[in-house]
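Just so we're aligned, residue 9 is where the sequence shown starts under our numbering, counting upward by one. Heads up, the beta-carbon is just placed ideally off N, CA and C, and yes, glycines get one too.
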Amino acid sequence: MSLETTVPEHAVRTGGALSWQPPTARQRQAILSRTQSVTIVGASNNPARPSYFVATYLLSSSRYQVNFVNPRLDELLGQPVYPSLADVPGEIDLVSVFRKHEDLPEVAEDVIKTGARTLWLQLGLWHEPVAERAAEAGLDVVMNRCVKIEHARFAGGLHLAGFNTGVISSRRQGKP
């Protein structure tokens with residue numbers, strides 16, 4: 009990995025400091041379009057957890073190579089689970105993080121070490137110092153957005169009115 013990094017286009021340099029800016033919808037779409045692999049850090053085998061739902065969606069509805077990281081699991085949805093990012097084989101493009109806020113600085117450092125291109129913090133996760141550190145290292149950073157929702161939206165599986173299930177209404181359709 010080169011010591012010289014490219015600052016993502018949505019990061020703004022003012023003076024010598026880097027100011028992270030959220031990527032636009034077009035920039036998020038470009039990130040997801042170029043991504044080949046997604047690694048979920050904090051993957052869970054509990055079907056009620058958001059990481060499980062995202063994992064099932066990505067495995068069934070995307071072209072991505074999906075990897076999982078959780079030191080407490082060996083397998084998830086028929087796939088191996090790795091104890092750390094350093095143990096994931098091959099190149100890592102996008103790291104989707106489902107961890108506590110206080111864990112994010114350490115996770116970001118691990119992501120930077122892997123040479124990943126994107127750090128993606130899921131809904132509810134926002135940490136500007138982490139975003140600035142990762143952007144300074146050349147990573148694209150997305151915060152407080154669900155990779156599943158964004159993928160579905162750009163792939164045509166999520167419409168403005170909701171999921172691609174037709175009309176969404178609280179009224180009953182027809183009388184029996």
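Check your understanding: Where THR64 and GLU99 are concerned, what is the direct C-alpha to C-alpha distance, given to the nearest angstrom?
Key -> Straight through space, the alpha carbons of GLU99 and THR64 are spaced by roughly 21 Å.
Practice item. Spatial neighbours of CYS244 within its chain, please: CB distance less than 8 Å, with the 5 preceding and 5 following residues excluded, ordered by chain position. Key: Only positions 9 to 184 of the chain appear in this structure, which leaves residue 244 out of reach.
Review point. Looking at the unbroken alpha helix (DSSP H) that takes in GLN37, where does it start and where does it end?
Key: It spans 33–42 - the alpha helix (DSSP H) in which GLN37 sits, taken as one unbroken run.
Review point. Does the Cβ of MET9 have 16 or more other Cβ atoms within 10 Å, making it buried, or fewer, making it exposed?
Key: Note on MET9: pLDDT 39, under 50, position unreliable in the model; the coordinate value appears next. By the neighbour-count definition (other C-beta atoms within 10 Å, threshold 16), MET9 is an exposed residue.
Point to revise | Under the three-state DSSP convention, the category MET9 falls into | key: A caution first: MET9 carries a pLDDT of 39, below 50, which makes its placement in the model too unreliable to give a value.
Practice item. Have a look at the DSSP bridge pairing and note the partners of ASP95. Key: In DSSP, ASP95 forms no bridge with anything.
Point to revise | Distance CB(LEU102)-CB(LEU85) smaller than 8 Å | key: In this structure, LEU85 does not lie closer than 8 Å to LEU102 by Cβ.
Check your understanding: How is the beta strand (DSSP E) around PHE76 delimited, first residue to last?
Key -> 73–77 is the extent of the beta strand (DSSP E) around PHE76.
Exercise for review: Tell me, please, whether the stretch 142–157 touches the stretch 74–84 by the rule of three or more beta-carbon pairs shorter than 8 Å.
Suggested key: With a cut-off of 8 Å, the stretch 74–84 and the stretch 142–157 do not count as touching, because too few Cβ pairs lie within range.
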